[in-house]
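One line per chain: the protein sequences are D, C, U and V, in this order.
For the first sequence, this note's numbering begins at 405 and goes up steadily by one.
For the second sequence, this note's numbering begins at 405 and goes up steadily by one.
For the third sequence, this note's numbering begins at 405 and goes up steadily by one.
For the fourth sequence, this note's numbering begins at 405 and goes up steadily by one.
Below is one structure, written out as structure tokens; the observations come after it.
Protein chains: 4
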Amino acid sequence: MQDHMKAAIFIEPGRIILGEKPIPVIGTLDALIRITMTTICGTDVHILKGEYPVSRGLTLGHEPVGVIEKLGSAVEGFTVGQRVITGAITPSGTSYASLAGCHSQCGRMEGSGWRATGGWQFGNTIDGAQAEYLRVPDAMANLTPVPDGLTDEQVLMCPDILSTGFAGAESGRVSIGDMVAVFAQGPIGLCATAGARLMGASLIIAVESLPDRMAMARKMGADHVIDFARQDPVAEIRRLTNGRGVDVAIEALGQQATFEAALRVLRPGGTLSSLGVYSEDLTIPIDAFAAGLGDNHIATTLCPGGKERMRRLMGMVASGRIDTTSLITHHFALDDIESAYDLFAHQRDGVVKVAIRP
Amino acid sequence: MQDHMKAAIFIEPGRIILGEKPIPVIGTLDALIRITMTTICGTDVHILKGEYPVSRGLTLGHEPVGVIEKLGSAVEGFTVGQRVITGAITPSGTSYASLAGCHSQCGRMEGSGWRATGGWQFGNTIDGAQAEYLRVPDAMANLTPVPDGLTDEQVLMCPDILSTGFAGAESGRVSIGDMVAVFAQGPIGLCATAGARLMGASLIIAVESLPDRMAMARKMGADHVIDFARQDPVAEIRRLTNGRGVDVAIEALGQQATFEAALRVLRPGGTLSSLGVYSEDLTIPIDAFAAGLGDNHIATTLCPGGKERMRRLMGMVASGRIDTTSLITHHFALDDIESAYDLFAHQRDGVVKVAIRP
Amino acid sequence: MQDHMKAAIFIEPGRIILGEKPIPVIGTLDALIRITMTTICGTDVHILKGEYPVSRGLTLGHEPVGVIEKLGSAVEGFTVGQRVITGAITPSGTSYASLAGCHSQCGRMEGSGWRATGGWQFGNTIDGAQAEYLRVPDAMANLTPVPDGLTDEQVLMCPDILSTGFAGAESGRVSIGDMVAVFAQGPIGLCATAGARLMGASLIIAVESLPDRMAMARKMGADHVIDFARQDPVAEIRRLTNGRGVDVAIEALGQQATFEAALRVLRPGGTLSSLGVYSEDLTIPIDAFAAGLGDNHIATTLCPGGKERMRRLMGMVASGRIDTTSLITHHFALDDIESAYDLFAHQRDGVVKVAIRP
Amino acid sequence: MQDHMKAAIFIEPGRIILGEKPIPVIGTLDALIRITMTTICGTDVHILKGEYPVSRGLTLGHEPVGVIEKLGSAVEGFTVGQRVITGAITPSGTSYASLAGCHSQCGRMEGSGWRATGGWQFGNTIDGAQAEYLRVPDAMANLTPVPDGLTDEQVLMCPDILSTGFAGAESGRVSIGDMVAVFAQGPIGLCATAGARLMGASLIIAVESLPDRMAMARKMGADHVIDFARQDPVAEIRRLTNGRGVDVAIEALGQQATFEAALRVLRPGGTLSSLGVYSEDLTIPIDAFAAGLGDNHIATTLCPGGKERMRRLMGMVASGRIDTTSLITHHFALDDIESAYDLFAHQRDGVVKVAIRP
């Protein structure tokens, strides 16, 4: 094994390069995995654009599929050579937050044990997965063996996109017979649509305007897809629900317009499940909020992580309940990741997700 | 029984008078109750000020204690002469919303069965309780016998204040060991404080600046009371929770400042339980919202009604778990209700709640 | 309209006949529906056999599809001639139990407002649906319009079988990625299998031995079907779950053997969701119960009713999420209902459910 | 520091002696704590009597209060000399079960990650707390600093009794206004009574016959205490709830009689929350179970552990919400633990709990 590796490094806003870094050194509770496939997330593009700040010199990426290369001395229950994934969120399992089940807000190093978004470390507070090797902290809580027979492509969406998208439906507590609207059908919105379908919604209305994504939305389970460039989604959703509104509206973009529309299509007592990463203050129009008397809920959710979550998601893939391989529209070698960022950031060529192979 | 009765009538913004009206005629499913005690709510003051629109000529008031005078022909299970209360919210029990457990958003007359705040009828969409007699719709779902031995004063807060305040803690899902902040200690905030205490919070921090209400807050269960006129409540709550923030923050005023402060004191993954009636758009500062990634929840709650709710609340009063008689700072005859409005609207003389007796 | 009608009447244990009865007279809150299709339930067979006692002379049946013939004077929101169904369980909506959301245990006439299984009236405590006409109590809470385009056959399972079966999965709180076992694949077990699939289970193991039902189980969503006559289901389920056990086990038969096996296949902390109607005391083997320390749950569920439930179920049918027409293996005229009972009670000729048409 | 220590050792059924053992050697993730106070649990008496099997030579006890003596090399966030407690249940935090929030069923060493009662290690599968020193596995997930100002006596019940007792109310989902019955008022039943009170029950009925414990039950929050030696608790609870039954019945003994009585006093739809350790098969009488149609729940709960739980419980002690010092009726030196066992096992001299000090 050589000493150095290739990695996609954040240099400064507007600039991510493929560079060289030492292969990570692991600690007692860590694992080193050799990446066999990874991808680029919309959040990485936010970082690229300088909209979400991270340290210069950081390796980006939080969606790893790979093989265990080395295990910390205290790590039990895994073996070198196992194929694994790790969630984008890597909770410690042992912080106060984790023990309370709030894994994504794990603040292992905080006195209180809680830190907002603290569970998201890869490509945010520690080096990430767009590299040849990745150090996985708290390996026992996070490494998850890939079931036999599943390809890298089949599980590539589990670490983030699928976990987040499903969580949109889960946090909305979608139940049998619910009507659900999903705003935006990017990778996460598509998985939210699939999640609403898997949880028993009787009517799923997706909102999107790119024709490819509109078609994918139907494939992932939407009954209706509203092209917001041609129709007012609020009026149309009201119409489709006989004036009642939806039980659950899922926001999967991170903008005021979709947040507000999601509020406006709720039935009284309905839930807005928000997945978007917002970059500006949000406004709640008081008329869409029944002056605070509508028994409405707003739930925000960060991608659930940890090996139990990953095990369950891969179980869904293994039994054929969900197939996200069609979201992978393009393939790149790690050597070409700069081109991949260029394509993905500009949403050219109908890209939904790219697969990156070291 | 005479034909006419006295009633507090909304004439126009700024003007509520004691006038005369025919005693209500009841339908098959209704009951007529003779009011023995009622009160004025902050919402009535919103109506008086023209901040919340209702029809001119409406009798106000939604907090009735009384005696059954007459029963509609289809009403079973009650007898004339029984002492009863009725919640401020009078669900039908038979609408789609009610059958879904969403009683406050009951839209009995809507095609869909749902209407935002539709369960609130008294003094909003039908004549209310500040009168000698009150027509109670859907009587079987709403009349609730007062347990023997309880006075009118003891149960006067059950129809609205106590139900709403407790619901602030309930919608926040306060559990044993939670830390809770309650913003504003008016009648509803005080009952929210009591509710948080009754549900097992280990630390309750109330925010208020009127000395009388600060003292009452301690009596209702607050461990700390922050005078926001002298201290920054956000900083102080952070300090009292060792930097972590509270599990649940309850907003009981209906203003941007308290809504925003409630967001800012939450621990990651915490819940903002909002009881306030807002009159302007709300802003969610993105930094207080972890960009939408904090696993936070915002729940709004309208006063729960219906006879099962009232039965449970009176059970709490009967067993001494809660005593709200100290909230009644002033007594008036119905004949003097205009003076009562004047005192209450201007919060003079340390008023918290007034008791009105026809 | 004539005065009398045909009805399937319970004469005594072992004897149900097609007889004549007066068409029901309706009260203020009732509706009269003309039955267009109904069916026979396993519970009716229990009644026939004398295993579940009802009054002699009672009309049986609790699964009505029909047309509104007449409405009580206080019933609003419906019109004569509408096609409707009504749940097997007809809650009042206005009892303490109903207002608490516990509709199936509604005790409208009880002082307390609660009665065990009190929501089940048709063919149990009042005349039922195996007749030309049916009186529906508390019509506003129970009549549910059939969406345009749905046939009687398509909605025939909604009143009981589908509602009960789905409730098995719902009470088990099946969530995305769960492993679920369903014991017995009669009509209710088949719908429980479908419910587990609709709620996101990643692995569904059905247990059955009749070949036709084993095939149907696969069609309704089972990944594996264990023939208990050939394999030990407990050992096989342990094997299929890698020794861990299932998250949720659904009992859909009502016998000690299946109840006990359901307990034995649970993972620690798992839930046994019981739908069966038991006729003898049950035993919990202490070794299958971790001495009471396994964090296990046992939930029993009676068919959910009321119009909101029926609306949601028909929404699932309308959007193609579930199709139960294949469960209807035989058709009979009401005139031949005695033959239908004979066939169904003896489970001859691969019968699953019969459709009865007056 | 010497090499050896004193410890209460299980020799064989009927025989626990104070012996000598090497001070435990700790691993990377462990901590060593010097015990300053511990106690004896009813489960230890089961072990003594041979009713619950453990390895011969095991040190008993699972309720440690102490001071950190040594930390494993990978343990962060704690310092030698800190006063700490550790729950009776010591989850890893990193197993599949723990990550699913099912800490008490943590199977760190199992392939599946789950093991029934696997979280209970002290005095069960590894050496326990009735000794001068204790090795704490997975120290980061389990060590919990004692808040300043709290004595050993004040926190001694947190590791097991208080956590278990409260969990009885929590698993029963006691909510504001519920009526609750608690069967048996030993240490755990008394804490269940306190828990029901803290969660907002309006009526708490305790069942017990020892006069001292009956008096304590009132002090912990019971409104009524039924002496089962003089009155039939089922009939009496029915009477006190006006024939309706209780919303939640908590079983805190572990016998058929109390389990069955708990079932019989439930209202339809009510929950039996079981805490007892049963040593024989249980019977569910079908008449008390509404033939499986009563919408009843049975929940069993093993003591919740982990440092977040301990932090919350000590928060309740620190704010004065609960005081369990009165349960400590006797004090012993560790040297006299054989006498302590003798007293406790025979329930002599009004003993509730003993405090043992090395």
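Positions of the beta carbon are idealized from the N, C-alpha and C atoms, including for glycine.
Source: prediction; values computed, not measured.
Asked	Found
Listed from N- to C-terminal order along the chain, which residues in the stretch 449-475 of chain C have their beta-carbon within a distance smaller than 9 Å of any beta-carbon of chain D?	Y456
Here's a check: name, in chain order, each residue in its chain whose Cβ is nearer than 7 Å to the Cβ of V:V479, leaving out the five neighbours to either side.	L433, A435, A543 and M544
Please work out which residues of its chain come closer than 6 Å, Cβ to Cβ, to V:L464, disregarding the five sequence neighbours upstream and downstream, and give them in chain order.	A412, F414, D448, G527, G532 and Q534
Could you tell me which of V:E416, V:L538 and V:H466 sits nearest to V:H408, measuring between CA atoms?	V:L538
DSSP state of C:C510, grouped into three classes?	strand
Taking only beta-carbon positions, decide if U:S567 is within less than 8 Å of chain D.	no
Ignore the nearest five residues each way along the sequence and tell me which others in D:T704's own chain have a CB closer than 7 Å to its CB.	S678
Please classify D:S459 as buried or exposed, where buried requires at least 16 other C-beta atoms within 10 Å of its C-beta.	exposed
Could one say the Cβ of D:L503 lies closer than 8 Å to chain V's Cβ atoms, at least one of them?	yes
Check each candidate in D:E742, D:P672, D:G470 and D:R671 and name the one with the smallest Cα separation from D:Q558.	D:G470
For the stretch 685-701 of chain U against the stretch 654-664 of chain U, do three or more pairs of beta-carbon atoms, one drawn from each stretch, fall closer than 8 Å, so that the two count as touching?	yes
Is there a Cβ of chain D sitting closer than 8 Å to that of C:H701, yes or no?	yes
Take the Cβ of U:K757 as the centre, count every other Cβ of all protein chains shown within 10 Å, and call the residue buried at 16 or more, exposed below.	buried
Does the beta-carbon of V:M513 have 16 or more other beta-carbons within 10 angstroms, so that it is buried, or is it exposed?	exposed
Rounding to the nearest angstrom, what Cα-Cα distance links C:I439 and V:V611 in this structure?	42 Å
C:R725 versus chain V: which residues are under 8 Å apart at the beta carbon?	G604 and S606
Of all the residues that make up the stretch 624-645 of chain U, which are near chain D by a beta-carbon distance shorter than 8 Å?	D627
If you measure between the beta carbons of U:Q509 and V:P541, is that distance less than 8 Å?	no
At least one CB of chain D closer than 8 Å to the CB of C:L697: is that the case?	yes
At what residues does the beta strand (DSSP E) containing C:L538 begin and finish?	Y537 to V540
Which value, in whole angstroms, describes the spacing of the CA atoms of C:G515 and U:G481?	8 Å
In whole angstroms, what separates the C-alpha of C:G454 from that of C:E416?	8 Å
When we look at the beta-carbon of V:I767 and count the other beta-carbons within 10 Å, is it buried (16 or more) or exposed?	Outside the shown range of chain V, which is 405 to 762, sits residue 767 of chain V, and nothing can be said about it.
Could you pull out every residue in the same chain whose Cβ sits closer than 8 Å to the Cβ of U:N700, ignoring the five residues on either side in sequence?	L667, L670, P672, G673, G674, T675, L676, F693 and A694
Whether or not the stretch 550-570 of chain U and the stretch 517-524 of chain C are in contact is what I'm after, with contact meaning three or more pairs of Cβ atoms, one per stretch, closer than 8 Å; do they touch?	no
From the beta carbon of U:E712, is the nearest beta carbon of chain C less than 8 Å away?	yes
By the 10 Å Cβ neighbour count, where 16 or more other Cβ atoms means buried, how is V:K623 classified, buried or exposed?	exposed
According to DSSP, is V:I702 helix, strand or coil?	strand
Please decide whether D:A694 counts as near chain C, where near means a Cβ-Cβ distance under 8 Å.	yes
Taking 8 Å as the threshold (C-beta atoms), are U:H507 and U:I493 in contact?	yes
Chain C partners of D:R426, CB-CB under 7 Å?	Before going on, a small fix: residue 426 of chain D reads as Pro here, not Arg. None at all; the shortest Cβ gap to chain C is about 30 Å.
Just checking my contact of V:S606 with C:G719 at CB under 8 Å: how many whole Å lie between their CB atoms?	4 Å
Assuming C:I472 and C:G491 make a contact with CB atoms under 8 Å, what is their CB distance in whole Å?	Their Cβ separation, rounded to whole angstroms, is 16 Å, which puts C:I472 and C:G491 out of contact at 8 Å.
Determine, using beta carbons only, whether C:L706 comes closer than 8 Å to chain D.	yes
For a quick check, are the C-beta atoms of V:A596 and V:G572 less than 8 Å apart?	yes
According to DSSP, simplified to helix, strand and coil, what is V:G569?	helix
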